[in-house]
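Participant: Before I ask anything, here is the structure I am working with.
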Amino acid sequence: MITMKINGVEVKAEEGWTILETARFYGLEIPTLCHHEGLTPYGGCRLCLVEIGEGPRAKLVSSCTYPAEEGLVVHTDTKRVVQARRMMIELMLSVAPYSKVIQDLASKFGVTRMRFKIRNEECILCGLCVRMCEEQMDGKAIGFQNRGYQRKISTPFDLRSEECRLCGGCIYICPACQLRCQGPQAETAICNACLTMEPTCLDFYDELQCWMYDAGRCGTCVREKKS
Amino acid sequence: MSVHQTINLDSLQEIVERHGYNKNKLIAILQDIQAVYHYLPAEALKTLSKLLKIPLIDIISVATFYRAFSLTPKGRHVATVCMGTACHVRGAPKILEEFERQLNIRRGETTEDGEWSLETVACLGCCAIGPVVVVDGDYHAHTSIRKVPTILGRYRK
C-alpha cells in the first residue's frame with residue numbers, strides 16, 4: 243500500500259494506481275474528458291490536472307497518467323488548478339463549440355467567456371476514438387495524422403478503411419459528436435443556459451437531454467435564476 | 052512526362068528483406084521506398100503494412116508526421132528554400148516568391164510536368180551562407196532574386 247496525501251487527507255493507494263484512481267476511490271471528484279475506464283490513460287485533455295508538491299516547487303500534472311507515489315502531496319482544488327482547468331475548457335470551446343459535453347463542462351466549472359477565435363474543428367484530438375478502435379474494438383482503422391495545427395484523426399488516405407467494421411464505437415465515445423442543446427443562444431461560443439436555472443440540469447436531470455426534443459421545450463433552461 | 056512509376060512490388064519486398072522485416076526500422080524502410088519512387092505510393096504502403104504486419108494507420112501516422120515523407124508524387128528536382136531566421140531577414144521570402152513565379156506553382160506543390168517541386172525548410176543550419184536554396188542536395192549560397200533563373204537553368208536541360 244502507498245500512503246499519500248490528497249487535499250490534506252491521508253489516503254492509501256494500491257500499487258499501480260494513478261492519482262485519479264486514488265482520488266475517485268475516496269470520492270474526490272476530478273473532471274476528465276479523455277480518460278475512460280477500459281482505455282489506456284492518454285493525458286491529452288488536461289482537465290484532470292492536479293497540483294503535486296508544496297510551496298514554490300508545486301507543479302501541475304495530469305492525474306490520469308501520474309502514478310500514486312509514497313508520500314506524495316496532492317491538491318485537487320487549488321486556485322492554480324481551477325484556473326488551469328478553466329483555461330483548458332475555454333481552449334476546447336474555441337475548437338468545438340457545438341459539443342454538448344464541452345458546453346456542459348463550461349457551465350459546470352463557471353466558464354462564462356471565451357476569448358479565442360472560434361475554429362469549429364469539431365474535434366479536440368482527445369484520442370478516445372483512436373484508443374476505442376484499437377483497444378476495445380481491435381480495429382486500428384483510425385489514427386492521428388499530420389502534426390501541429392494540422393493534426394487530425396482520420397482513416398488511411400481519408401477513405402473507408404478495410405479494418406473498419408462500422409461498429410460505431412468511435413462515435414459512441416466521442417465527446418464532440420453529441421451536439422449541444424439548441425437553446426436560446428445556439429449561435430454563441432458559450433451557451434451557459436444551464437447557469438440560469440437552479441438547480442442545474444447537469445447535476446440533477448442527467449437523462450433529460452433536451453437536444454433530443456425541440457429547443458428548450460422542457461422550459462427549465464430558460465427559467466431565470468432567483469436572486 | 053510524369054514521375055509516376057508502376058509500383059514494382061519486388062523492389063518493395065527487397066527493401067523490407069534488407070531491413071530484416073523489422074518493425075522498428077519503419078522510418079528507414081519508408082526512406083528507402085521514397086528513394087525509389089520519390090514519394091510514398093498508397094499501394095506500396097498497403098503492401099508494406101501486410102509485409103511488416105503493422106496496421107496501415109500506424110504507417111500513415113509516421114509518414115504524415117515527418118516532413119521528409121510525401122504521400123503525393125514529388126517532382127524530378129526538388130528546390131528547397133530556407134526560411135530560417137537568418138535567411139528570412141536576408142530576403143528568403145522574396146526568393147521564394149521568385150521561385151513561385153518562375154515555376155508557376157506555390158510552395159509545397161509540384162509542377163504539372165512533374166519536373167519541379169518547391170519546398171520550404173525552417174533552417175538548414177548553415178546560416179552564414181544564407182539565403183540558402185538547396186536543389187537536389189546541392190547548396191546554393193548567398194542566393195538573390197537575380198540568381199534564381201541561373202539556378203533553375205542549371206537543372207533544366
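As given, the protein sequences belong to chains Z and G, one line each in that order.
Residue numbers for the first sequence follow my numbering, beginning at 243 and rising by one.
Residue numbers for the second sequence follow my numbering, beginning at 52 and rising by one.
Virtual Cβ for every residue (Gly too), placed ideally from N, Cα, C.
On a predicted model such as this, the values are computed, not experimentally measured, just so you know.
If you compare alpha carbons, which of Z/321, Z/387, Z/284, Z/416 is closest to residue 302 of chain Z?
Facilitator: Position 60 of the first sequence holds residue 302 of chain Z. Considering only alpha carbons, the answer is Z/321.
Participant: Establish whether the CB of residue 92 of chain G and some CB of chain Z are separated by less than 8 Å.
Facilitator: The residue given as residue 92 of chain G occupies position 41 in the second sequence. Not one chain Z Cβ lies under 8 Å of residue 92 of chain G.
Participant: Which residues in chain G have a C-beta closer than 8 Å to the C-beta of residue 384 of chain Z? List them in chain order.
Facilitator: The sequence position of residue 384 of chain Z within the first sequence is 142, counting from 1. Correct list: 108.
Participant: Which residues in chain G have a C-beta closer than 7 Å to the C-beta of residue 387 of chain Z? List them in chain order.
Facilitator: To locate residue 387 of chain Z, count along the first sequence from 1; it is residue 145. What residue 387 of chain Z touches in chain G: 111, 112, 115.
Participant: Taking 8 Å as the threshold (beta carbon to beta carbon), is residue 405 of chain Z in contact with chain G?
Facilitator: As a first step, residue 405 of chain Z is located in the first sequence; it is residue number 163 there, counting from the start. Yes, because at least one Cβ of chain G sits closer than 8 Å to the Cβ of residue 405 of chain Z.
Participant: Buried or exposed: residue 413 of chain Z, going by 16 or more other Cβ atoms within 10 Å of its Cβ?
Facilitator: The residue given as residue 413 of chain Z occupies position 171 in the first sequence. Burial call: exposed.
Participant: For the ligand SAM, any of its heavy atoms closer than 7 Å to the Cβ of residue 115 of chain G?
Facilitator: With respect to the ligand SAM, the structure shown offers nothing to examine, as it has no ligands at all.
Participant: Looking at the structure shown, is residue 379 of chain Z part of a helix, part of a strand, or coil, going by DSSP?
Facilitator: Here the question's residue 379 of chain Z lines up with position 137 in the first sequence. Residue 379 of chain Z: coil per DSSP, three-state reduction.
Participant: Of the residues Z/289, Z/393, Z/408, which one's Cα is nearest the Cα of residue 351 of chain Z?
Facilitator: Here the question's residue 351 of chain Z lines up with position 109 in the first sequence. Closest option to residue 351 of chain Z, Cα to Cα, is Z/289.
Participant: Exposed or buried, which one is residue 339 of chain Z when buried takes at least 16 other CB atoms within 10 Å?
Facilitator: Along the first sequence, read from residue 1 onward, the residue named residue 339 of chain Z stands at position 97. Answer is buried; the Cβ neighbour count reaches 16.
Participant: When we look at the beta-carbon of residue 323 of chain Z and count the other beta-carbons within 10 Å, is it buried (16 or more) or exposed?
Facilitator: Taking the first residue of the first sequence as position 1, residue 323 of chain Z is located at position 81. So residue 323 of chain Z ends up on the buried side.
Participant: Let me know if residue 354 of chain Z comes out buried or exposed under the rule of 16 or more other beta-carbons within 10 Å of its beta-carbon.
Facilitator: The residue you call residue 354 of chain Z lines up with position 112 of the first sequence. Exposed is the call here.
Participant: What do you get for residue 257 of chain Z, buried or exposed, if any count of 16 or more other CB atoms within 10 angstroms of its CB means buried?
Facilitator: The residue given as residue 257 of chain Z occupies position 15 in the first sequence. That one is exposed.
Participant: Drop a sphere of 10 angstroms on the beta-carbon of residue 193 of chain G, count the other beta-carbons inside from all chains shown, and report buried for 16 or more, exposed for fewer.
Facilitator: Position 142 of the second sequence, counted from the first residue, corresponds to residue 193 of chain G. Looking at its Cβ environment, which holds fewer than 16 other Cβ atoms inside 10 Å, residue 193 of chain G is exposed.
Participant: Is residue 298 of chain Z close to chain G, meaning its C-beta is less than 8 Å from at least one C-beta of that chain?
Facilitator: Within the first sequence, residue 298 of chain Z is the residue found at index 56, counting from 1. So, not an interface residue.
Participant: If you draw a straight line from the C-alpha of residue 423 of chain Z to the C-alpha of residue 360 of chain Z, how long is it?
Facilitator: Looking up residue 423 of chain Z in the first sequence gives position 181. Looking up residue 360 of chain Z in the first sequence gives position 118. C-alpha separation (whole angstroms): 18 Å.
Participant: Assuming residue 385 of chain Z is part of the beta strand (DSSP E), what are its boundary residues?
Facilitator: The residue labelled residue 385 of chain Z in the question sits at position 143 within the first sequence. Per DSSP, residue 385 of chain Z belongs to the beta strand (DSSP E) from 385-387.
Participant: Have a look at G/79, G/151, G/118 and flag the residue whose alpha-carbon is nearest the alpha-carbon of residue 196 of chain G.
Facilitator: For the purposes of this step, residue 196 of chain G is taken as the residue at position 145 of the second sequence. The residue with the shortest Cα to Cα distance from residue 196 of chain G is G/151.
Participant: In this structure, does DSSP put residue 89 of chain G in helix, strand or coil?
Facilitator: Position 38 of the second sequence holds residue 89 of chain G. Three-state result, residue 89 of chain G: coil.
Participant: Is the beta carbon of residue 170 of chain G less than 8 Å from the beta carbon of residue 129 of chain G?
Facilitator: Position 119 of the second sequence, counted from the start, is the residue given in the question as residue 170 of chain G. Position 78 of the second sequence, counted from the start, is the residue given in the question as residue 129 of chain G. Yes. Within cutoff.
Participant: Note down, in chain order, each residue of its chain lying with its Cβ closer than 7 Å to the Cβ of residue 120 of chain G, except the 5 sequence neighbours on either side.
Facilitator: By 1-based counting over the second sequence, the position of residue 120 of chain G is 69. Excluding positions up to five away in sequence, the list reads 81, 85, 91, 114.
Participant: Can you tell which of Z/276, Z/280, Z/293, Z/295 has its C-alpha closest to the C-alpha of residue 287 of chain Z?
Facilitator: Counting from 1 along the first sequence, the entry for residue 287 of chain Z is found at position 45. When only C-alpha atoms are compared, the closest one is Z/276.
Participant: Rank Z/304, Z/285, Z/297 by C-alpha distance to the C-alpha of residue 291 of chain Z and give the top, closest one.
Facilitator: What you label residue 291 of chain Z is simply residue 49 of the first sequence in a count that begins at 1. Out of Z/304, Z/285, Z/297, Z/304 has the C-alpha closest to the C-alpha of residue 291 of chain Z.
Participant: By the DSSP assignment, the beta strand (DSSP E) with residue 304 of chain Z in it spans what residues?
Facilitator: The residue you call residue 304 of chain Z lines up with position 62 of the first sequence. 301-304 is the extent of the beta strand (DSSP E) around residue 304 of chain Z.
Participant: On the criterion of 16 or more Cβ atoms from any shown chain inside 10 Å, does residue 382 of chain Z qualify as buried, or is it exposed?
Facilitator: Position 140 of the first sequence, counted from the first residue, corresponds to residue 382 of chain Z. So residue 382 of chain Z ends up on the buried side.
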